[in-house]
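Q:
Residue numbers (the numbering used here), protein chains in the order written: chain R, 3 to 186; chain Y, 133 to 770; chain U, 87 to 187.
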């Protein structure tokens, strides 16, 4: 039973990832990514990490992908044109890239075939317990937690600053000057 | 007062240093006060110390001010006042002070008045360090210091071409000697672990075997040190072959020539040999060498002096010659005779130089004797004092030179060294001859200069003439200190300094000093009479020129100083210059700069080649990255 | 039947390879970004798989952080894209090549 579920969702993940990578229309790519993320979330649950799976759906699909969609729509991106920006040696690059990727996957398969992994133990209630997970998060991993919080703050500020409309040069005046006309 | 011994060199040093604190354009009176006051105070302190020393019972006063110990080496900074350094101290401070006074008049109109006195006081400080030091290190510090001041003062007129060149020449030739001096010091350090005179000499006196065993190259340690030190003395005291700098040093102001290149600095070598007498007594071969070099130099320089036309050059070669006498004495073991001659020579040579300065001053800067003549009427005081000095150097009784020179010749005879005696006697004749040649050419006959010069002739101011008179008294009276025989005060005074190690040799014959003295006197008088015949009265240079015409090649050789400078230039200076050029252009230019340029060029070429990978295309970069990851992965697996 | 862990790992490798291929190949900046997210996901899957294998929670916690960082990265990256688009009016990566030699 488990195998079946695995196979279904694995196939779904693979397929939709191919669409993500290959499709011309960015909106379709993004939608396919949603599908991929959902499949992976299911696989997370199967691996005994339901919390992570939920997080995946919430954060990844719920926030990040939505962000992507907003940006795509904001920039009004179209299907990318075909030939107008071909570079020299682009075909070679594509071939090398694809080859490299395939090589990578094969290498991992090779590595896996050579190693012997320890037997998988049965899932206990402890393993999936949210309480125990969060306890570990807030004790052992407290520092990374705080730092990540700081990182998010920095990212927010950075994103805001980078993406805002640059201030107009001729309308940049000092506060004093700007309040000149309003004396009394 | 002896507690203030250290003030003696410090006062002139402070004077020299304070010159910089007088402001941009201080009044000349203030500069004079500072720069003549400092050596005066130093002289007074020195006299006080000498008085206390003389009336005290101690033979030796040693003051240590600082001591270092570094492993096996123990060095002290200290002063030693014993009979030898007492004599030197008196000579240096007294003559030095007189020359400072003289300089006020002589250098009065100079732009660099303050600078001159700063250097001169610095020199005094260094020279006093040299003579007062209680070990070879302090002596060496003073040694180098006087060498520096010599360079500074020779090149005093730095805006001309020649003086700086002469200064460099002096310094570099000196350096050759200094190198040897250092080697000698190192050998002493290796053996004794210290450079203190008292320690080393005492040990050698008690155990001569320490230094008489074989050391290096067939020399004993004593021989090696003695030879090295003598080479140092060759440089500083202008003996063959390192004398070439002294005549060119006349480019400096005349009082400098008087003080440094006659009375004090050049005598440092003699002092050093006398101080080291213990070692020389144990190295008979080297001592003989010293005597031979001294005699050869004396004769050699005297012959050159015969043909010189510049009055200062005559005196310069005369100095070289007299220094040769001193080394002749030292080589024979007659150390007190050497020091005696050093003292008398300081007086009469300084007198002669200052007198010549007076003449040059009157002639408005002219130094060529062929332009002079008949000056005895215009410069009476200069004339009289100059003649006194000339009589002294010629060795005429009762002037000082008679006693001191005869002491040396007597020593040569007593040791049975008749060839050296003959050379010494011949040189005495030549000395008298060329000295009076100078006297007659300068002060007798018609004036041969230009009308403007004649108009300018005047006797020098008292600041210049008074020192002349004082020195004349010294040139007359100092000889009596060395009356031969039982009453020889200076010999008995210096006797404690001359240490006799077990096994040293004593003199062989005893010869009547009276006989030798009369012989020398006769020879000198004859020479003077002959000089009168050739140059006297109104004859001027005519006879001399006739002689020159008769033996042109001799004359040529003498005038060109045996072409020694030219030989040195060819054999040493040019190869060295070529070597330096090679190092500069070849090694520095091509190898070192080349390495640098190659490195830079490599970086440049590498950059030019590898810039093509910076396509600006992010995907390319990501691809490189990915490929790198794969490689890493491969490496990890296999 | 138990699903062998190796299958999860192989799947993750495959997803990663696909994502890599896409990131290196596409011209559209947004598409590159999506491929990168894909790669991150593959890494997450690997982490969770190992966490299950070794019976520790460390892997899951790391995934937690990866998620947060990925969010931050996406935000900043898209902000950059907007800024670049304003200047160059294109998202085509080939055209954004001012730092060429």
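We put the beta carbon where it would ideally sit given N, CA and C, even for glycine. Here the structure is a predicted model, which means the values were calculated and not measured.
#1: Which runs of the alpha helix (DSSP H) spanning at least 4 residues fall entirely within the region 371-420 of chain Y, listed in chain order?
#2: Any residues in the region 709-739 of chain Y with a beta carbon nearer than 8 Å to a beta carbon of chain U? Which ones, in chain order?
#3: Along chain Y, in chain order, which residues have C-beta atoms closer than 7 Å to that of residue 164/R?
#4: With 7 Å as the limit, tell me which residues of the region 8-19 of chain R have their beta carbon closer than that to any beta carbon of chain U; keep them in chain order.
#5: Taking Cβ-Cβ distances shorter than 7 Å, what residues in chain Y pair up with residue 99/R?
#6: Going by DSSP, name the residue or residues bridged to residue 210/Y.
#7: Under the three-state reduction of DSSP, which class applies to residue 180/U: helix, strand or coil?
#8: Between residue 184/R and residue 162/U, what straight-line distance do the alpha-carbon atoms span, to the nearest angstrom?
#9: When you compare only the Cα positions, how much space is there between residue 760/Y and residue 93/R?
#10: Give a yes or no on whether the C-beta atoms belonging to residue 69/R and residue 124/U are separated by under 8 Å.
#11: Give every residue of the same chain whose Cβ lies closer than 7 Å to the Cβ of residue 472/Y, excluding the five residues on either side of it in the sequence, and list them in chain order.
#12: Buried or exposed for residue 105/U, please, with buried defined as at least 16 other CB atoms from any protein chain shown within 10 angstroms of its CB.
#13: Return the residue from the list 225/Y, 527/Y and 216/Y that minimises the CA-CA distance to residue 139/Y.
#14: Taking Cβ-Cβ distances shorter than 8 Å, what residues in chain Y pair up with residue 108/R?
#15: Leaving out five residues before and five after residue 87/U in sequence, what residues of the same chain have Cβ atoms less than 6 Å from its Cβ?
#16: Using beta carbons (cut-off 8 Å, strictly below), is residue 185/R in contact with chain U?
#17: So which residues of chain R does residue 752/Y contact, with C-beta pairs closer than 8 Å?
#18: Please report whether the beta-carbon of residue 770/Y lies at a distance below 8 Å from any beta-carbon of chain U.
#19: In the DSSP assignment, find the unbroken alpha helix (DSSP H) run with residue 347/Y in it and report its ends.
#20: Residues of chain Y with CB closer than 7 Å to the CB of residue 113/R, please, in chain order.
#21: So, at 6 Å on beta carbons, what are the nonlocal neighbours of residue 511/Y in its own chain, with the 5 sequence-adjacent residues on each side left out?
#22: Let me check one thing: in DSSP terms, what residues is residue 328/Y bridge-paired to?
#23: Quick check: is the beta carbon of residue 105/R nearer than 8 Å to any beta carbon in chain Y?
#24: By a C-beta neighbour count over all protein chains shown, 10 Å radius and 16 as the cutoff for buried, is residue 738/Y buried or exposed?
#25: My parser needs the alpha helix (DSSP H) runs of 4 or more residues fully inside the region 652-738 of chain Y; what are they?
#26: Ends of the alpha helix (DSSP H) at residue 538/Y?
#27: Answer with buried or exposed for residue 267/Y, where buried requires no fewer than 16 other C-beta atoms within 10 angstroms of its C-beta.
#28: Helix or strand or just coil, what does DSSP make of residue 627/Y?
#29: Between residue 138/U and chain R, is the shortest Cβ-Cβ distance under 8 Å, so that the two count as touching?
#30: Return the CA-CA distance between residue 492/Y and residue 668/Y, expressed in angstroms with no decimal places.
#31: Is the Cβ-Cβ distance between residue 278/Y and residue 302/Y less than 8 Å?
#32: If contacts are defined as beta-carbon pairs under 8 Å, then residue 654/Y and residue 543/Y qualify, I think. What distance do you get, rounded to the angstrom?
#33: Interface residues of chain Y around residue 110/U at Cβ under 8 Å?
#34: Drop a sphere of 10 angstroms on the beta-carbon of residue 549/Y, count the other beta-carbons inside from all chains shown, and report buried for 16 or more, exposed for fewer.
#35: Are the beta-carbon atoms of residue 526/Y and residue 568/Y separated by less than 8 Å?
#36: For residue 205/Y, which three-state DSSP category applies?
A: Straight from the coordinates:
#1: 377-380, 386-390, 400-407 and 409-413
#2: none
#3: Indexing the first chain from 1 puts residue 164/R at position 162. Near residue 164/R there are no residues of chain Y at all, since even the closest Cβ is about 17 Å away, more than 7 Å.
#4: 8, 12, 15, 16 and 19
#5: If you number the first chain from 1, residue 99/R lands on position 97. Result: 755.
#6: Your numbering for residue 210/Y matches position 78 in the second chain. In DSSP, residue 210/Y forms a bridge with 196/Y.
#7: In the third chain, residue 180/U corresponds to position 94, counting from 1. The answer is coil: DSSP assigns residue 180/U none of H, G, I, E or B.
#8: Residue numbering aside, residue 184/R sits at position 182 when the first chain is read from its first letter. Residue numbering aside, residue 162/U sits at position 76 when the third chain is read from its first letter. Bear in mind that a pLDDT of 49 at residue 184/R, under 50, signals an unreliable position, so the number given afterwards is only what the model happens to contain. In a straight line, the C-alpha of residue 184/R is about 39 Å away from that of residue 162/U.
#9: Here residue 760/Y is taken as the residue at index 628 of the second chain, counted from 1. Here residue 93/R is taken as the residue at index 91 of the first chain, counted from 1. Cα to Cα, the separation comes out at about 20 Å.
#10: For the purposes of this step, residue 69/R is taken as the residue at position 67 of the first chain. For the purposes of this step, residue 124/U is taken as the residue at position 38 of the third chain. For residue 69/R and residue 124/U, no; Cβs fall outside 8 Å.
#11: As a first step, residue 472/Y is located in the second chain; it is residue number 340 there, counting from the start. Once the five neighbours on either side are set aside, the close Cβ partners of residue 472/Y are 536, 539, 614 and 622.
#12: Translated into the one-based positions of the third chain, residue 105/U becomes position 19. That one is buried.
#13: Locating residue 139/Y in the second chain gives position 7, where the first residue counts as 1. Nearest option by C-alpha distance: 225/Y.
#14: By one-based count along the first chain, residue 108/R stands at place 106. In chain order: nothing, as chain Y lies at least about 10 Å away.
#15: For this step, residue 87/U is matched to residue 1 along the third chain. The predicted model places residue 87/U with a pLDDT of 49, which falls under 50 and marks its position as unreliable; any figure quoted below should be read in that light. Answer for residue 87/U: no residue qualifies.
#16: Here the question's residue 185/R lines up with position 183 in the first chain. Low per-residue confidence applies at residue 185/R: pLDDT is 49, beneath 50, and the placement is therefore not dependable, though the value from the model is reported in the following sentence. With 8 Å as the cut-off, residue 185/R does not count as an interface residue toward chain U.
#17: Residue numbering aside, residue 752/Y sits at position 620 when the second chain is read from its first letter. What residue 752/Y touches in chain R: 95.
#18: Here residue 770/Y refers to the residue found at position 638 of the second chain. Residue 770/Y does not count as touching chain U.
#19: Here residue 347/Y refers to the residue found at position 215 of the second chain. Where residue 347/Y is concerned, there is no enclosing alpha helix (DSSP H), although the beta strand (DSSP E) it sits in stretches over 346-348.
#20: Your numbering for residue 113/R matches position 111 in the first chain. The answer, in chain order, is 769.
#21: Indexing the second chain from 1 puts residue 511/Y at position 379. Once the five neighbours on either side are set aside, the close Cβ partners of residue 511/Y are 494 and 591.
#22: To locate residue 328/Y, count along the second chain from 1; it is residue 196. Paired residues: 267/Y.
#23: In the first chain, the residue the question calls residue 105/R occupies position 103. Yes, contact with chain Y.
#24: The residue you call residue 738/Y lines up with position 606 of the second chain. Flag for residue 738/Y reads exposed.
#25: 674-682, 684-691, 696-700 and 706-713
#26: If you number the second chain from 1, residue 538/Y lands on position 406. Unbroken alpha helix (DSSP H) run through residue 538/Y: 532-546.
#27: For the purposes of this step, residue 267/Y is taken as residue 135 along the second chain, with counting starting at 1. Looking at its Cβ environment, which holds 16 or more other Cβ atoms inside 10 Å, residue 267/Y is buried.
#28: Taking the second chain and counting its residues from 1, one reaches residue 627/Y at position 495. Three-state result, residue 627/Y: helix.
#29: The residue given as residue 138/U occupies position 52 in the third chain. Yes, contact with chain R.
#30: On the second chain, position 360 is the one that residue 492/Y refers to. On the second chain, position 536 is the one that residue 668/Y refers to. Cα-Cα distance, rounded: 21 Å.
#31: Start at 1 with the first residue of the second chain, and residue 278/Y comes out as number 146. Start at 1 with the first residue of the second chain, and residue 302/Y comes out as number 170. No, the pair does not count as a contact, with Cβ atoms beyond the cut-off.
#32: As a position in the second chain, residue 654/Y is number 522, starting the count at 1. As a position in the second chain, residue 543/Y is number 411, starting the count at 1. At roughly 20 Å, the Cβ-Cβ gap does not stay under 8 Å, so residue 654/Y and residue 543/Y are not in contact.
#33: Working through the third chain from its first residue, we reach residue 110/U at position 24. In chain order: 751, 754, 755 and 758.
#34: The residue given as residue 549/Y occupies position 417 in the second chain. Residue 549/Y is buried by the Cβ-count criterion.
#35: Here the question's residue 526/Y lines up with position 394 in the second chain. Here the question's residue 568/Y lines up with position 436 in the second chain. Contact: yes.
#36: The sequence position of residue 205/Y within the second chain is 73, counting from 1. DSSP places residue 205/Y in strand when its eight states are reduced to three.
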